[in-house]
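Counting in UniProt numbering, the sequence shown tops out at residue 318, every number present.
Don't be surprised by glycine CBs; every beta carbon is placed ideally from N, CA and C.
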Amino acid sequence: MSAGGEHLKDEGTKRQTVLAGGIAGLISRFCIAPLDVVKIRLQLQVHSLSDPASHEAVQGPIYKGTLSTMRAIIRQEGITGLWKGNIPAEMMYVCYGALQFTAYRSTTQALAELPYRLPPSAESFVAGAAAGGMATATTYPLDLLRTRFAAQGPEQIYKSLRASIGEIARHEGVAGFFRGSSAAIIQIVPYMGLFFSAYEGFRPIMANMDHMPFGTGDAAAGICASILAKTGVFPLDLVRKRLQVQGPTRTRYVHRNIPEYKGVFRSIRMILRTQGVRGLYRGLTVSLLKAAPASAVTMWTYERVLRILQDMEVAALT
């Protein structure tokens, strides 16, 4: 991205945007997969870490902190355990990245045609929310499959991606692929709105800093925007994960004592009643550790790939 004031939303053709977004999602996902698995395991852990008495009835591992959880997974499941669910996740991130950036570009262009222009921050919020909502709804079944594979311990519940799709369709129906989707939509709209509006605000500031080499101002802006947005909507992300593992296999994941949750707001009330406010923020630390580099890699890769594609097109025309 140039430092001359051009905006992300005005750059690139539709084809370039789709390709750059897809590549950015693919690379980002592979880099942060281990942190994603750790985050999901911590989000699904419902017993209190501060009360040793609560551990007595627990069937399954007790995770404490990001690094110790990572070591426990490697020890019990091997290094590949940190990439469980990576195939559906890669598929989701590629599709999500392409859809997100395409929708963001199209929405901002449509907003620019309105007789009365919104403030730049409002345009970024609306476009980000619309892009996130559409991309989330479209790719949600892959998100659910990613969570279920990542939640598997040494016991193999689903033998393959194809087998998991067949089993869920057979035992839970089409609705089974959309468990927790309401929490995802409620979460993603403010998240993406906050993220893109914050990103557009931080990016010019970071771009003008002389000590940001190799275009890393885009990455730094992505980190700041991600931390701000992620913290605000984290409880909904946790509820989404709890709802995604409901169904006939609920008691077979690495955490055997996942309670039965029904509905977003009923789940929030249940967590508050049984685990307190802290229960809504399990895994927040690793989530921020994951979200920051994921957003940095995504935005940096998107900007670099988009620039390469534009340069290739210019070279082809000359």
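Where does residue i sit, in a helix, a strand or coil, going by DSSP?
i, result
"residue 318", "coil"
"residue 62", "coil"
"residue 164", "helix"
"residue 171", "helix"
"residue 86", "helix"
"residue 302", "helix"
"residue 279", "helix"
"residue 46", "coil"
"residue 193", "helix"
"residue 117", "coil"
"residue 240", "helix"
"residue 249", "coil"
"residue 297", "helix"
"residue 262", "coil"
"residue 179", "coil"
"residue 290", "helix"
"residue 157", "coil"
"residue 152", "coil"
"residue 69", "helix"
Assuming contact is defined by CB atoms lying nearer than 8 Å, are residue i and residue j in contact in what I supplied?
i, j, result
"residue 100", "residue 131", "yes"
"residue 296", "residue 219", "yes"
"residue 294", "residue 32", "yes"
"residue 319", "residue 149", "Here the chain has residues from 1 to 318 only, and residue 319 is not among them."
"residue 97", "residue 25", "yes"
"residue 247", "residue 172", "yes"
"residue 115", "residue 83", "no"
"residue 288", "residue 227", "yes"
"residue 30", "residue 124", "no"
"residue 187", "residue 233", "yes"
"residue 185", "residue 137", "yes"
Closer than 6 Å by C-beta to residue i: which residues in its own chain qualify, once you throw out the five before and the five after it? Chain order, please.
i, result
"residue 283", "39, 42, 43"
"residue 203", "221"
"residue 224", "202"
"residue 143", "92"
"residue 127", "104, 107, 108"
"residue 95", "139"
"residue 366", "Any answer about residue 366 is impossible in this case: the structure gives the chain only from 1 up to 318."
How big is the Cα-Cα spacing for residue i and residue j?
i, j, result
"residue 238", "residue 153", "19 Å"
"residue 106", "residue 77", "44 Å"
"residue 180", "residue 134", "16 Å"
"residue 16", "residue 23", "11 Å"
"residue 254", "residue 170", "23 Å"
"residue 245", "residue 231", "23 Å"
"residue 160", "residue 86", "12 Å"
"residue 191", "residue 291", "12 Å"
"residue 259", "residue 28", "32 Å"
"residue 306", "residue 45", "40 Å"
"residue 323", "residue 229", "The structure shown has nothing for residue 323, since the chain only spans 1 to 318."
"residue 66", "residue 147", "18 Å"
"residue 317", "residue 252", "58 Å"
"residue 193", "residue 299", "15 Å"
"residue 273", "residue 14", "48 Å"
"residue 168", "residue 79", "27 Å"
Excluding sequence positions up to five away, which residues of its chain have a Cβ less than 7 Å from the Cβ of residue i?
i, result
"residue 183", "236, 239, 240, 243, 264"
"residue 189", "129, 132, 133"
"residue 309", "16, 19, 20"
"residue 69", "38, 41, 42, 63"
"residue 120", "200"
"residue 271", "279, 280"
"residue 267", "239, 242, 243, 261"
"residue 302", "20, 21, 24, 101"
Once the 5 residues before and after residue i are set aside, which same chain residues still bring their CB inside 8 Å of it?
i, result
"residue 81", "37, 73, 74"
Taking 8 Å as the cut-off, does the region 152 to 166 touch the region 108 to 126 (at least 3 CB pairs, one atom from each stretch)?
no
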